[in-house]
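Taking UniProt numbering, the leading residue of the sequence shown gets 1, the next gets one more, and so forth.
Taking it in order: structure first as structure tokens, then the write-up.
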Amino acid sequence: MALSLGSHIVLACFGVAFPSMIFVVHILGLRGNATALTLAKRWSKASAVLFAIGAVSGTVLSFEMGLLWPGLMGKYGDVLGLPFAFEGMSFFIEAIFLGIYLYGWGRMSPKVHPFMLLPMAAAGIFGTFCVLSVNAWMNWPTGFRLVNGEVTDVHPWRAMFNERVWLQFAHMWVGAFMVVGFTVAGVYAVGMLKGRRDAHHRLGFLVPFVFASCAALVQPVIGHVLGFGMDAHQPSKLAAFEFAETTTDGASPLRIGGVWIDGKPRGTIDIPKVGSLVAENSFTKPVTGMDTIPAADRPDDSAINIAHWTFQSMIGLGSALAGGVVLFWFARWRRRDLLANRWFLRGVALAGPAAILALEFGWTATEVGRQPWVVYGYLRTADAATDNPWLWWSLGGVTVLYVAMGIAGAVVLRSMSRRWREGVADLPSPYGPARIQETADKGAHA
């Protein structure tokens, strides 16, 4: 499940954020910017490739929910069914409008055509909200009662719109714009490093970088607010993040690095009181220690270490990206062009992978930090997961599938990029109105 989610989440980010960027360059193109219109055409082609791969990986995930987690879906399926159904509908709407947009070039009114991206963007965002509502519910379960071990009095809408869903969704939504914005900007930064400093590359860099800049500056605030209340709802996760073995008298220190061994952190760098400021938004309130959690409900040492390191790595990478954004716009305000600086361009080229790593680290911290629970306080991971002896064969098959899709996607995108650089104005799709008409004409001529 970690392999599948870790792979699919990057593709899902493009479904959430890329349509908005394509919409912006398409509107700029309609206002007379031919370079922007070319970008809209090319980005939509790349989006179609990524969407096709994401459709396969998302289908794998839907099967895995039932096959790998029978204890979860069998018991709580009635609670979780509504957002999963909406997510499936959103996927089809996204696919439909992507198809309309792709094959609308030259066939739709120029004033109407770019607005086909808006339902696609909305469907991607709503589908993400639905998935995040399930995960938020797993962290803060509500909308049902457990009577003698049986789930009763189910309220699907209350479960879907649980108290934490909006902040958790916002955190992921903004994170998607960071991933896509920095990744796409990085592509054009690499091009500029190779000497291609024309208007095409500068605009291709600037539009996604603006989106990424806004996201990178807002994300720390959302993440900080999201942490409020964790001491009451998931104290073991907070203790793992902060390496808090005991509840201190007064403010807790911020512990950077280190290793958790036999119930205690070792080798950390402690900054007094800052831990309470980060976790509790207070200089006096202590972080709840791991010693207050019943022994049977505590994550093991490896889970604590993973949660702590991924959480801090996410914050470190996010802070570095935000710092790079501030540097760029400050220099631009001072009328200095950092796009002529090779070191800055190298940094932007690395910003996309860094944003992806921050996203992966954040999800790892969220999921591992919840252990040993799948549904916090109600269902343990050991009781939810399958015990099928063929599991390793399934993992092997899924690994081969994802590696093959990754290689195929990279080959196709690189081939498209190479042909564009060679001057090919537009790449024909293997199907669709233009190719169908071409085939029909050849048949008639024969």
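Yeah, the Cβ is synthetic: ideal placement off N, Cα and C, and Gly gets one too.
Bear in mind the structure is a predicted one, so any value in this text is a computation, not a measurement.
Would residue i pass as a contact of residue j if the rule is Cβ separation under 9 Å?
| i | j | result |
| --- | --- | --- |
| R370 | Y376 | yes |
| L321 | A354 | yes |
| V403 | W69 | no |
| R42 | L193 | no |
| V151 | V79 | yes |
| G275 | P253 | yes |
| F228 | A251 | no |
| G29 | L39 | yes |
| P19 | M178 | no |
| A240 | A303 | yes |
| T292 | P235 | yes |
| H308 | G267 | no |
| residue 454 | L203 | This structure cannot speak to residue 454, because the chain is shown only from 1 to 446. |
| V49 | V412 | yes |
| M160 | L226 | no |
| L61 | H8 | yes |
| M405 | V16 | no |
| L67 | S394 | yes |
| G175 | C13 | yes |
| F91 | A123 | yes |
For residue i, which beta-bridge partners are listed by DSSP?
| i | result |
| --- | --- |
| L254 | I271 |
| E245 | Bridge partners of E245: none, in fact. |
| R380 | W373 |
| W260 | P265 |
| R145 | T152 |
Quick check: what's the CA-CA separation for residue i versus residue j?
| i | j | result |
| --- | --- | --- |
| E242 | G316 | 14 Å |
| L238 | L350 | 30 Å |
| V287 | A244 | 7 Å |
| R346 | L327 | 14 Å |
| K111 | H224 | 41 Å |
| A382 | P372 | 8 Å |
| I261 | F23 | 51 Å |
| L206 | Q312 | 29 Å |
| P156 | G143 | 6 Å |
| E64 | V131 | 14 Å |
| F211 | G289 | 39 Å |
| L3 | S415 | 27 Å |
| H113 | M21 | 15 Å |
| D231 | R380 | 20 Å |
| T183 | A216 | 13 Å |
| D153 | V187 | 51 Å |
| N162 | L11 | 26 Å |
| G323 | A185 | 16 Å |
| residue 491 | F115 | Residue 491 cannot be examined here, being either before or after the span of the chain that is shown, 1 to 446. |
| V180 | D270 | 35 Å |
| G32 | V25 | 11 Å |
So that I know if they touch, is there some Cβ in chain B lying closer than 9 Å to that of residue i?
| i | result |
| --- | --- |
| G406 | The displayed structure is made up of one protein chain only, and chain B is not part of it. |
Under a three-way DSSP split, which group does residue i fall into?
| i | result |
| --- | --- |
| P119 | helix |
| E150 | strand |
| A385 | coil |
| I125 | helix |
| Q312 | helix |
| P19 | helix |
| P286 | coil |
| residue 448 | No answer is possible for residue 448: the residues shown for the chain start at 1 and end at 446. |
| K194 | coil |
| I436 | For I436, the pLDDT reaches just 45, beneath the cut-off of 50, and the residue's location in the model is therefore unreliable, although a value from the coordinates is still provided. Reduced to three states, the DSSP call for I436 is helix. |
| T300 | It is Asp, not Thr, that sits at residue 300 in the sequence shown. Note: D300 maps to coil in three-state DSSP. |
| K45 | helix |
| S109 | coil |
| G6 | helix |
| N33 | coil |
| Y402 | helix |
| Y188 | helix |
| Y101 | helix |
Tell me whether residue i is buried or exposed, calling it buried when 16 or more other Cβ atoms sit within 10 Å of its Cβ.
| i | result |
| --- | --- |
| P294 | exposed |
| I407 | exposed |
| V59 | Reading off the sequence shown, one finds Thr at residue 59, where the question assumed Val. T59 comes out exposed. |
| F97 | buried |
| L391 | exposed |
| E360 | buried |
| V221 | exposed |
| N139 | buried |
| E94 | buried |
| W137 | buried |
| W173 | buried |
| R255 | buried |
| S109 | exposed |
| R332 | exposed |
| K75 | buried |
| P272 | exposed |
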